[in-house]
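In this text, residue positions in the sequence shown follow this note's numbering: the first is 10, and each later residue adds one.
A virtual CB, placed ideally from N, CA and C, is assigned to each residue, including glycine.
This report concerns only the one structure given below.
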Amino acid sequence: MFVLPTKGENFGHAIADALIHGLPCVIGENTPWTDSVNGKAGWCLPMQEEAFANANLFFLGMSVLEKQKMSDVAQYVAVNKLDAEKIKPGYRKLFKIETEDE
Numbered sequence: 010m011f012v013l014p015t016k017g018e019n020f021g022h023a024i025a026d027a028l029i030h031g032l033p034c035v036i037g038e039n040t041p042w043t044d045s046v047n048g049k050a051g052w053c054l055p056m057q058e059e060a061f062a063n064a065n066l067f068f069l070g071m072s073v074l075e076k077q078k079m080s081d082v083a084q085y086v087a088v089n090k091l092d093a094e095k096i097k098p099g100y101r102k103l104f105k106i107e108t109e110d111e
């Protein structure tokens, strides 16, 4: 499990790296990974010490199978969110890059 109590991230490279390696994440609620992670590949929480402590205790109480499933989902989430082919059109639009297809 990867724990990053952060108030915000512009992208969250450390979060992406953890997910790619199958680590469920416990992160602050103000990251670009909130929708992808919350409840599926970990938890996105308010910046309260008790919330992070409870998530850690919950994770420790999970079975090996439950942890493995969450790990598998973490990798799936990272691969899909970081799929270069899916995000290329957005970058092209942002930077007004024309391709040969256009």
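For T15 and I36, which I take to be in contact (beta-carbon distance under 8 Å), what is that distance rounded to the nearest angstrom? Position 6 of the sequence shown holds residue 15. Position 27 of the sequence shown holds residue 36. Cβ atoms of T15 and I36 come within 8 Å of each other, at about 6 Å.
Mark K56 as exposed unless 16 or more other C-beta atoms lie within 10 angstroms of its C-beta, in which case mark it buried. The residue labelled residue 56 in the question sits at position 47 within the sequence shown. Per the sequence presented here, residue 56 reads as Met, with Lys not at that position. Exposed, since its Cβ has fewer than 16 Cβ neighbours within 10 Å.
Is I36 helix, strand or coil when you go by DSSP? Indexing the sequence shown from 1 puts residue 36 at position 27. I36 falls in the strand class under three-state DSSP.
Which whole runs of the alpha helix (DSSP H) in the stretch 28 to 105 are 4 residues long or more, in chain order? For the stretch 28 to 105, the full-length alpha helix (DSSP H) segments reaching 4 residues or more read 43 to 46, 58 to 70, 73 to 90 and 93 to 103 along the chain.
Do A50 and A83 have their CB atoms nearer than 8 Å? Counting from one through the sequence shown, the residue named residue 50 turns up at place 41. Counting from one through the sequence shown, the residue named residue 83 turns up at place 74. One thing to note: A50 has its Cβ within 8 Å of the Cβ of A83.
V11: which of K78, E18 and N65 sits nearest, CA to CA? Position 2 of the sequence shown, counting from 1, holds the residue named residue 11. It should be noted that the sequence gives Phe, not Val, for residue 11. The residue with the shortest Cα to Cα distance from F11 is N65.
For F11, which beta-bridge partners are listed by DSSP? As a first step, residue 11 is located in the sequence shown; it is residue number 2 there, counting from the start. Note: F11 sits in a beta bridge opposite C34.
Since G31 and S80 are thought to touch, with beta carbons under 8 Å apart, how far apart are those beta carbons, to the nearest angstrom? Position 22 of the sequence shown holds residue 31. Position 71 of the sequence shown holds residue 80. About 4 Å separates the two Cβ atoms, so the contact holds.
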